[in-house]
Amino acid sequence: MPTHTDQVPETPRRRPPLGPEHRWVILGVGVAAQASFSAMFSGIPVTAITMRADYGLSTGELGLVLGCTALGVAASDIVWGLLTDRFGDRRILLTGLISTGALLVLMSLAVVPTGDGRPPMPLLAAGLLLAGVLGGSVNGSSGRAVMTWFREGQRGLAMSIRQTAIPVGGAVGVALLPWLAASHGFRPVYAVLAAFCLVTAVATWKWLHEPDDAPQGGGGTAGEPVRERSPLRSREVWRLALASALLSVPQMAVLTFAAIFLHDAEHAGAVAGPLVVLVGQLGGGAARVWSGRYTDRHGNRRGYFRTVGALSGVVIACAAGLTLAGAPVLLTASALAAGGVLANAWHGVAYTEIATMAGARRAGAALGLEGTTLFTVGFVVPLAIPVLLEQSSWSVVWAVAALAPLLGVPLAPGRRP
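Using the numbering used here, you'd call the opening residue of the sequence shown number 8 and step up by one each time.
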């Protein structure tokens, strides 16, 4: 009869080794996570016409509400990046997706207009602010996961594909959410967004792991030099992050107020605005993939960033001139759509460059800084546009949006030595 000492201890079950090909699965999870958040971040602003009516908001209150999600991301992105570097991509991404999904479920139950009345504006603003705080975890954690699995020479394409999830996920939100809001109210809007986050959390739990050859104590790519100095102390990292913020002004202006401009000022109907944003999102997504591949081949991420930033400023300036001249709405809308494509095109390149400057082990903090500056602009722009409109006109709004990237181009760091 066997004794206790004769029993063989059970060996803990371990997952099978993950080969290099698993990096494409990681990229897919990163794309899904980023798209889930982007559907909310980009889709809700395009419900602006319905939101203004259903929640009884003034234009100024609408701008505040639409900026709250970006403010939440801006306030939390660096913290999430540092936590990602400390605890790993998987834990932080799961935490963010599950908590964001739970919050959106709660909003679908308690923060929607009904026959009994409207939720107070501060409650709506607080809900979207918290959604930004929790959802901001996606930016650094999914980006660091991609950086960890892909090596230099592949990262531009990989990070650009991940960044393409922002306009593509945004396009899903732009195509779906305005129709849902107008036809069925805001309850299904929040419920669908919650489902996106929770389904992606399941995929993250099942498939997102660090590579088997990652160094102990914080991840990173095997064979890559370890950079212990914080990227938050690098002047060039800050220059790129601040330049990126200025280059994102046209994107946020088109995203948040193109629909209102075309509806109120150009009398183009409720479809034209979402269509312009949709073209900017899908065209920008395609441009991000191409730009990642192009800059991987030519090693010119910084030059590409500067060139596309300048072009976006020029095209939005054309939209300002067409607005001032009273040009046909088709011309003005086309200029805004083209400017939206260009303003989306450089994001993957900038994220790749700033993460490369930091190194894979510190990529979370660098990506958090990049996200903080971009989403700060995402908060400020919806607040600033109504103020500019009170004092001037739509042509001035688009002129200011055009000036910002032209100021950002010389701020960006020059070619690598």
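Just so you know, even glycine gets a beta-carbon here, dropped at the ideal spot from N, CA and C.
Verify the contact flag: residue i, CB atom, against every heavy atom of the ligand GDP, threshold strictly below 6 angstroms.
i       : result
Pro-238 : The ligand GDP is absent from the structure shown, which contains no ligand whatsoever.
Going by beta carbon distance, what residues of the same chain come within less than 6 angstroms of residue i, once the five residues before and after it are set aside?
i       : result
Gly-299 : Gly-163, Leu-164, Ser-167, Gly-355
Gly-290 : Val-348
Leu-413 : Gly-320
Ala-198 : Ser-115
Val-142 : First, the amino acid is wrong: residue 142 is Gly here, not Val. Phe-44, Thr-107.
Gly-147 : Trp-87, Gly-88, Thr-91, Gly-371, Leu-374, Gly-375
Trp-353 : Phe-312, Val-315
Using a Cβ-Cβ cut-off of 7 angstroms (strictly less than) and excluding sequence neighbours within five positions of residue i, which residues of its own chain qualify?
i       : result
Val-52  : Note that residue 52 is Pro in the sequence shown, not Val. Closer than 7 angstroms at the Cβ level, and outside the excluded window around Pro-52, lie Leu-73, Leu-262, Thr-263.
Glu-68  : Met-128
Ser-144 : Trp-87, Ile-99, Leu-100, Thr-102, Gly-103
Gln-41  : Val-145, Ser-149, Arg-169, Ala-172, Ile-173, Gly-176
Gly-287 : Val-261, Ala-344, Gly-347, Val-348, Asn-351
Gly-225 : Low confidence applies to Gly-225: its pLDDT is 44, below 50, so where it sits in the model is not reliable, and the reading given next is rough at best. If we look at Gly-225 and ignore the five residues flanking it on each side, its Cβ neighbours are Asp-92, Arg-368.
Ala-272 : Trp-401
Glu-231 : Interpretation of Glu-231 is limited by its pLDDT of 49, a score under 50 that renders its predicted location unreliable; no figure is taken from the coordinates.
Below 8 angstroms on the Cβ atoms is my guess for residue i versus residue j; work out the distance and round it to an integer in Å.
i       : j       : result
Val-315 : Leu-349 : 6 angstroms
Gly-70  : Pro-389 : 4 angstroms
Arg-369 : Asp-96  : About 13 angstroms; that fails the 8 angstroms criterion.
Val-112 : Ala-252 : Between Ala-252 and Val-112 the Cβ distance is about 32 angstroms, and since that is not below 8 angstroms, they are no contact.
Ser-241 : Met-364 : 7 angstroms
Trp-405 : Ala-326 : 5 angstroms
Thr-155 : Glu-217 : 6 angstroms
Ala-294 : Ala-340 : So it is not a contact: roughly 19 angstroms between Cβ atoms.
Phe-312 : Ala-357 : 6 angstroms
Val-179 : Ala-46  : 5 angstroms
Go through its chain and collect everything with a Cβ distance to residue i's Cβ below 8 angstroms, but skip five positions before and after it.
i       : result
Gly-160 : Asp-303
Ile-427 : Residue numbering for the chain in the displayed model covers 8 to 424; residue 427 lies beyond these limits and cannot be assessed.
Thr-66  : Arg-59, Ile-267, Pro-393, Leu-396
Leu-249 : Thr-380, Gly-415, Leu-418
Pro-281 : Val-53, Val-181, Ala-182, Pro-185, Ala-266
Pro-132 : Before going further, note that residue 132 is Ala rather than Pro in the sequence given. Same-chain partners within the cutoff: Leu-71, Val-72, Cys-75.
Do you know how far the Cα of residue j is from the Cα of residue i?
i       : j       : result
Leu-331 : Thr-121 : 41 angstroms
Pro-257 : Ile-173 : 16 angstroms
Pro-393 : Val-407 : 13 angstroms
Arg-125 : Trp-186 : 20 angstroms
Ala-440 : Ala-152 : Because residue 440 is not part of the residues shown, which for the chain are 8 to 424, the question remains open.
Leu-381 : Glu-28  : 32 angstroms
Trp-297 : His-305 : 12 angstroms
Ala-81  : Val-387 : 11 angstroms
Arg-246 : Arg-422 : 13 angstroms
Leu-64  : Val-181 : 21 angstroms
Val-337 : Gly-328 : According to the sequence as given, residue 337 is Leu; it is not Val. Going from the Cα of Leu-337 to the Cα of Gly-328 covers about 14 angstroms.
Trp-31  : Ala-342 : 36 angstroms
Val-119 : Gly-50  : 16 angstroms
Leu-215 : Phe-94  : 14 angstroms
Inset, instruction - Report yes or no: do the region 137 to 152 and the region 71 to 87 share at least 3 C-beta pairs separated by less than 8 angstroms? - result: yes
Legend entry - Contact the region 265 to 273 vs the region 54 to 64: 3+ CB pairs below 8 angstroms: yes
Inset, instruction - With a floor of 4 residues, list each alpha helix (DSSP H) that falls wholly inside the region 171 to 215, ordered by position along the chain. - result: 193 to 214
Inset, instruction - Go through the region 329 to 386 residue by residue and report every complete run of the alpha helix (DSSP H) that reaches 4 residues or more, in order. - result: 336 to 352, 354 to 365
Legend entry - Sufficient close CB pairs (3 or more, under 8 angstroms) joining the region 392 to 401 to the region 316 to 323: no
Legend entry - Touching by the beta-carbon criterion (3+ pairs, under 8 angstroms), the region 181 to 196 and the region 23 to 40: no
Inset, instruction - Quick one: which unbroken alpha helix (DSSP H) runs of 4-plus residues sit fully inside the region 106 to 139? Chain order, please. - result: none
Legend entry - Start-end ranges of the alpha helix (DSSP H) lying completely within the region 279 to 326, minimum 4 residues: 279 to 305
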